[in-house]
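Chemist: Quick note, the sequences are listed as chains E and L, same order. Residue numbers for the first sequence follow the numbering used here, beginning at 838 and rising by one. Residue numbers for the second sequence follow the numbering used here, beginning at 9 and rising by one. Here you go, one structure.
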Amino acid sequence: MSETLVREAPARAKPRTLKLDETIVEIVSDSGEGAQRCGQSLGAIAAKSGNGVWTVEIIPAEIQPPARSVAGASGNRVRIGARAITNGGDEADLVVAFNEQVLLGRVRAGELKPGCIILLENMWANDRNPAIVQSYTKTCEELRKAGYRVVEIPMEQECRKLVTDPRRGKNMFALGMLCSIYSLDLDLAREQIAITFGKKDKSVIQINTELLEAGWNWADANLDFRYSIPAVRATEPKLVINGNTALALGVLASGMDICAMYPITPATSVSHYLSDVFERVGGLVHQAEDEIAACAFAVGASYAGKCSVTVTSGPGYSLKQEGIGLAVMAEIPMVVINVQRGGPSTGQPTKGEQGDLLTAVFGSHGDAPKVVMAASSIEDCFYSVITARKIAEAFNMVVVVLSDANLATGQQPFPRPKFSETWLAPPVDQNAVAKGAKPYDWDKVTGLAQRFIPGQPGGMHTLTGLAHDRDSHVAYDPLINEEGLRHRSLKLAALQKTLKPPKLFGDDSGDLLVIGWGSTKGAIEEAVERLRREGAKVSALHLQFLQPMASGLKEIMQRFGKVMTVESNWSDDPNDEIIDAENRRYSSLAIMLRSRTLIDIDCWSEVRGRPIKPGVVVDVLRAKLKG
Amino acid sequence: MMLDTTQCLLRLYEEHHELEDYQGGVPRWCTGCGDNAILTAMQRLCRDNDLKPEKTVFVSGIGCSSRLPHYMRTYGFHGIHGRALPVAEGIKMARPDLNVFVNTGDGDCCSIGAAHWIHGIRYNMNMTVVLHDNHVYGLTKKQASPTSPRGLKSNTTPRGSALDALNPLTVTLGVQNVSFVAQAVDWIPEVLYEILTAAFNHRGFSFVRVMQRCPEFLPKMFDPWLQNPQKTLLLTHPNGLKLSANMAKVYKNQQEHDPLDIDKARSIASIEDPIPVGILYQNPEVPCYEDLRNAGQLRTADYIRAGLEAEFDKFTVWPAGEERASA
């Protein structure tokens, strides 16, 4: 045979490349070993290739968890598809792990698909510590017994050929392997490394490129599986960013000048990025002494100038309540961004939750009407801030923008926004105030009044957080107090009249309507789509405005046999022993919708500190359809 | 002659203000309240410096002191308890062109707003901050404040307060970036006015503690000092407070003190009896936060757009063939 004449060492034939519609890859390591950078790079390369992508950060709760610990898994999940991807999906198809302990963390969390491929660093088999050798060997055995396909890989050994400390660099070797396994363009990967390490020395880019190529070559020569996910190269430019970067760019694009904040997880990276870029275009990030001061600073800046923004997460949001109430009372425009995390109290700082909806709507003592919006995608994070600024200044109201930890660190490509001057705030009005005009000249229909800004001749008045009349004089008359409350409330109704009813995902009538808000949109709609393919009569509705709510919701609900919400906040399980129809605590949106529509809306929720999986929603909806 | 005429003509177009131009609502403070003296001194200061009422903002928190903005005819911001300083900082950052004054009390500043006080000193933004220190909570009807003397019987300390009083001067002088600290008493209006004027003319965070009488809840608190001029220590200096002949005759207990000397200032600050009155410390070299942060930059739409597009470029995935064209 002619084959015998070919002098190639491996007798193994090149593996056949399997086409996949989509796949989920996880890369996990100890903190500081670079798995997150590997995952983010993989996501960016796939996005550049034209694939749909969604990335989810896997974050340990501690800053320096001990090495090789089950709870210390740090890394990234990357879901790559032939079409647009809107969420992190179900279980992983392939995992790269730098040690068996972080891998076990993912196994025990139920994040791996049965039988999935595991690419595991094998240096632990020869560790000097016999306990480690035993743990490693035993884990490999058990996982194989459980049906996983464990491939032990000498990553450390291979990297050592190029660098003295493979702990820094192994991640690029892993990236090379993954690019080879998923048939991604090596040139795109090289380009990505140049971007990632662009700020560093050229030699850093050089060595990381070599590690990437080594990983690629090793996988090419040694692995007998190869996949490709068909990609359609984009026809329009797209941005690949995470939700917090999108929020920061939204602040920049809204024309706001001042952002006041105090460091808090998971909101802080908004300010990190903004501190870097905002000031280059004349904006300012003020890191205040505390959350209360950050809010008060934003209130002061908004009062004397353009609308300002303060960015925070749960505990910080609680601390800002009195300042928010002041802005509501005095009708000072302000944008408050709350990147929600698990609560109450310190809760789960790095994990996402939708637990702050009712606080956002009803927070601050007394009746403090404010606008509440929720971003449901990375793209939405960007545009929400622009819309929020406009509403805040048009209605002289506080606008709360809710995001969460899942959006904060998730990455997804979306069309590059086309700049519009209408995004920007107008200059501060310094014209003289008309004779006889009053600082709170409330319109009797809409509640709106012109805002007097310091510097405007003739507009001098003392703004107060006390109940006040149209002249901003402290109100001692009981009727004046009611007049103020009435007009501040009317502004919400005036805004509500301008809102379009949300669009249904699916048919406009059916057996079940599932309603959501915020970051769960992708998972809910994917679940609904799967069920609809099976013939189920399910539709989804996603709310962008939680306060005020668009009109027509009740009419939509009445066209469905059953209505329920799916949320990532607490609700009592109706099957619990002492839970009944009278004492059951519903999820936040369900509470609001039930009171507004008097429809018996059910809810299902999960508060596990991770994105809700579409597969789980499918099961929930299926049960609801049957039950 | 020509010059004089021109100047006269120009002055015709200048705005001049009378005391009435700064008088707002009728004060609702008690008769004999020291806040009235502070208000009068403030109105005089505005008139004598011809401050445009529309370019002037009085910011306050909550308490008797914090009613002051209502009695001015400028812009006023009567906010929430303890937060006058961060509100004022936001105003100054957004609008460095405005004259910003803060009126705060011993509860507002030294208790609930203490964190903001410390950091306000450190930011050193250009504003005049007046601490109306009457040693007691008045608006809520007699509770001990952080500056109440130990043993004060009040509604929350019926057997006498347990702790020694906090000294706002030593605290302020202990904070990095402190740039102006003075003390005045409400019952010597001429000196109060001089000190507030010096504070206003200082570029930075000018902190003036005013010993203020509360006739309702602590009517006798300052009697010994009112009755005996020797119990007031006047700090004088060519760079500090200059006394009129009349004042010098009445208040003979004087000490020359150079406001640049922070060590001396700290030692004077800790004197409780006699009450030191004058400028304890002034350092014009401390930079203002709003200057360091380049506030007030003109941001045109083109300017913002250029910055935004440059950021978009960093994260853009271009369709095949377009990338180089745009770069």
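C-beta atoms are modelled at their ideal positions from N, C-alpha and C, and glycine is treated no differently.
Taking the C-alpha atoms as reference points, what is the distance between residue 1194/E and residue 1237/E?
Modeler: Numbered from 1 along the first sequence, position 357 holds the residue referred to as residue 1194/E. Numbered from 1 along the first sequence, position 400 holds the residue referred to as residue 1237/E. One C-alpha to the other measures close to 10 Å.
Chemist: Counting only runs of 4+ residues fully inside the segment 866 to 904 of chain E, write out the alpha helix (DSSP H) ranges in chain order.
Modeler: Correct list: 872 to 886.
Chemist: For residue 1247/E, tell me which candidate among 1348/E, 1356/E, 1134/E, 1262/E has the shortest Cα-Cα distance.
Modeler: As a first step, residue 1247/E must be located in the first sequence, where it is residue number 410. Considering only alpha carbons, the answer is 1356/E.
Chemist: Could you give the distance in angstroms between the alpha-carbon of residue 1139/E and the alpha-carbon of residue 1332/E?
Modeler: Residue 1139/E sits at position 302 when you count from the first residue of the first sequence. Residue 1332/E sits at position 495 when you count from the first residue of the first sequence. Near 20 Å, if we compare the C-alpha coordinates of residue 1332/E and residue 1139/E.
Chemist: Along the chain, where does the alpha helix (DSSP H) containing residue 127/L start, and where does it finish?
Modeler: In the second sequence, residue 127/L corresponds to position 119, counting from 1. It spans 122 to 131 - the alpha helix (DSSP H) in which residue 127/L sits, taken as one unbroken run.
Chemist: What residue range is occupied by the uninterrupted alpha helix (DSSP H) comprising residue 296/L?
Modeler: Mapped onto the second sequence, residue 296/L falls at position 288. Careful: residue 296/L lies outside any alpha helix (DSSP H) and carries neither H nor E.
Chemist: Comparing the C-beta of residue 1075/E with each C-beta of chain L, is any distance below 7 Å?
Modeler: Here residue 1075/E refers to the residue found at position 238 of the first sequence. Yes, its Cβ sits closer than 7 Å to a Cβ of chain L.
Chemist: Do residue 925/E and residue 943/E have their beta-carbon atoms positioned less than 7 Å apart in this structure?
Modeler: The residue given as residue 943/E occupies position 106 in the first sequence. The residue given as residue 925/E occupies position 88 in the first sequence. Contact flag unset, no.
Chemist: Measure the alpha-carbon distance for residue 1213/E versus residue 1111/E and round it to whole angstroms.
Modeler: Indexing the first sequence from 1 puts residue 1213/E at position 376. Indexing the first sequence from 1 puts residue 1111/E at position 274. Their Cα atoms are separated by approximately 21 Å.
Chemist: Closest Cβ-Cβ distance between residue 26/L and chain E: below 7 Å?
Modeler: To locate residue 26/L, count along the second sequence from 1; it is residue 18. No, because no Cβ of chain E sits closer than 7 Å to the Cβ of residue 26/L.
Chemist: State buried or exposed for residue 854/E, treating a residue as buried only when at least 16 other CB atoms are found within 10 Å of its CB.
Modeler: Here residue 854/E refers to the residue found at position 17 of the first sequence. Burial call: exposed.
Chemist: Note down, in chain order, every chain E residue with its Cβ under 9 Å from the Cβ of residue 215/L.
Modeler: As a first step, residue 215/L is located in the second sequence; it is residue number 207 there, counting from the start. Those do not exist, as residue 215/L stays about 17 Å from chain E at its closest Cβ, beyond 9 Å.
Chemist: Mind listing, in chain order, the continuous beta strand (DSSP E) runs of no fewer than 3 residues lying wholly within the segment 1192 to 1258 of chain E?
Modeler: Runs of the beta strand (DSSP E) inside the segment 1192 to 1258 of chain E: 1208 to 1211, 1235 to 1241, 1248 to 1252.
Chemist: Which of the three DSSP states is assigned to residue 1158/E in this structure?
Modeler: Locating residue 1158/E in the first sequence gives position 321, counting from the first residue. If DSSP states are grouped into helix, strand and coil, residue 1158/E belongs with the helices.
Chemist: Spell out whether any CB of chain E is found under 7 Å from the CB atom of residue 327/L.
Modeler: Position 319 of the second sequence, counting from 1, holds the residue named residue 327/L. At least one chain E Cβ lies under 7 Å of residue 327/L.
Chemist: Please name the residue in 1045/E, 1306/E, 922/E whose C-alpha comes closest to that of residue 1004/E.
Modeler: As a position in the first sequence, residue 1004/E is number 167, starting the count at 1. Of the candidates 1045/E, 1306/E, 922/E, the one whose C-alpha sits nearest the C-alpha of residue 1004/E is 1045/E.
Chemist: For a test of the three-state rule: what should DSSP assign to residue 50/L, helix, strand or coil?
Modeler: The residue given as residue 50/L occupies position 42 in the second sequence. Helix, per DSSP.
Chemist: My guess is that residue 77/L and residue 44/L are in contact by the Cβ rule of under 8 Å, so how many angstroms apart are they, rounded?
Modeler: For the purposes of this step, residue 77/L is taken as the residue at position 69 of the second sequence. For the purposes of this step, residue 44/L is taken as the residue at position 36 of the second sequence. About 15 Å separates the two Cβ atoms, so there is no contact after all.
Chemist: Could you confirm whether any beta carbon from chain L is found closer than 7 Å to the beta carbon of residue 1127/E?
Modeler: One-based indexing of the first sequence puts residue 1127/E at position 290. By this cut-off, residue 1127/E is an interface position.
Chemist: Exposed or buried, which one is residue 169/L when buried takes at least 16 other CB atoms within 10 Å?
Modeler: On the second sequence, residue 169/L is found 161 positions in, with the first residue counted as 1. Classification of residue 169/L: buried, given that the 10 Å Cβ count is 16 or more.
Chemist: For my contact list, residue 872/E and residue 906/E are in at a C-beta cut-off of 8 Å; report their separation, rounded to the angstrom.
Modeler: To locate residue 872/E, count along the first sequence from 1; it is residue 35. To locate residue 906/E, count along the first sequence from 1; it is residue 69. Their Cβ separation, rounded to whole angstroms, is 14 Å, which puts residue 872/E and residue 906/E out of contact at 8 Å.
Chemist: Under the three-state reduction of DSSP, which class applies to residue 1335/E: helix, strand or coil?
Modeler: Position 498 of the first sequence, counted from the start, is the residue given in the question as residue 1335/E. Coil at residue 1335/E, not helix or strand.
Chemist: Does the beta-carbon distance from residue 1156/E to residue 1129/E come in below 7 Å?
Modeler: Locating residue 1156/E in the first sequence gives position 319, where the first residue counts as 1. Locating residue 1129/E in the first sequence gives position 292, where the first residue counts as 1. In contact: residue 1156/E and residue 1129/E (Cβ atoms closer than 7 Å).
Chemist: Is residue 309/L close to chain E, meaning its C-beta is less than 7 Å from at least one C-beta of that chain?
Modeler: The sequence position of residue 309/L within the second sequence is 301, counting from 1. Interface residue, yes.
Chemist: Got a sec, what are the start and stop residues for the beta strand (DSSP E) residue 933/E sits in?
Modeler: The count along the first sequence starts at 1 and reaches residue 933/E at position 96. 929 to 934 is the extent of the beta strand (DSSP E) around residue 933/E.
Chemist: With a cut-off of 8 Å on the beta carbons, I'd call residue 240/L and residue 285/L a contact; round off their distance for me.
Modeler: The sequence position of residue 240/L within the second sequence is 232, counting from 1. The sequence position of residue 285/L within the second sequence is 277, counting from 1. Their Cβ separation, rounded to whole angstroms, is 6 Å, which keeps residue 240/L and residue 285/L in contact under 8 Å.
Chemist: Under 7 Å, CB to CB, which of the residues in the segment 56 to 69 of chain L have a partner in chain E?
Modeler: For the segment 56 to 69 of chain L, which is checked against every Cβ of chain E, the residues closer than 7 Å are 61, 62, 63, 65.
Chemist: Would you please verify whether the beta carbon of residue 1089/E is less than 7 Å from any beta carbon of chain L?
Modeler: The residue labelled residue 1089/E in the question sits at position 252 within the first sequence. Chain L, which has a Cβ nearer than 7 Å to the Cβ of residue 1089/E, makes this yes.
Chemist: Out of 888/E, 1039/E, 1462/E, 1101/E, which one is the CA nearest neighbour of residue 1178/E?
Modeler: The residue labelled residue 1178/E in the question sits at position 341 within the first sequence. When only C-alpha atoms are compared, the closest one is 1101/E.
Chemist: Apply the 10 Å Cβ neighbour rule to residue 897/E and answer buried if 16 or more other Cβ atoms are within range, or exposed otherwise.
Modeler: Numbered from 1 along the first sequence, position 60 holds the residue referred to as residue 897/E. When all chains shown are included, residue 897/E counts as buried.
Chemist: For residue 1078/E, decide whether its Cβ has a neighbour in chain L, counting only Cβ atoms nearer than 7 Å.
Modeler: Residue mapping note: residue 1078/E aligns to position 241 of the first sequence, counting from 1. Closer than 7 Å: yes.
Chemist: Terminal residues of the continuous beta strand (DSSP E) containing residue 1377/E?
Modeler: For this step, residue 1377/E is matched to residue 540 along the first sequence. Element bounds for residue 1377/E: 1375 to 1380.
Chemist: If you run the structure through DSSP and keep just helix, strand and coil, what is residue 235/L?
Modeler: Translated into positions along the second sequence, residue 235/L becomes position 227. Correct three-state label for residue 235/L: helix.
Chemist: Roughly how many whole angstroms lie between the Cα atoms of residue 40/L and residue 143/L?
Modeler: Position 32 of the second sequence, counted from the first residue, corresponds to residue 40/L. Position 135 of the second sequence, counted from the first residue, corresponds to residue 143/L. Those two C-alpha atoms are separated by around 16 Å.
Chemist: For the pair the segment 1223 to 1230 of chain E and the segment 868 to 884 of chain E, tell me if three or more CB-CB distances fall below 8 Å.
Modeler: The segment 1223 to 1230 of chain E vs the segment 868 to 884 of chain E: no contact.
Chemist: Anyone know if the C-beta pair for residue 1277/E and residue 1309/E falls short of 7 Å?
Modeler: For the purposes of this step, residue 1277/E is taken as residue 440 along the first sequence, with counting starting at 1. For the purposes of this step, residue 1309/E is taken as residue 472 along the first sequence, with counting starting at 1. Result yes, Cβ atoms of residue 1277/E and residue 1309/E sit closer than 7 Å.
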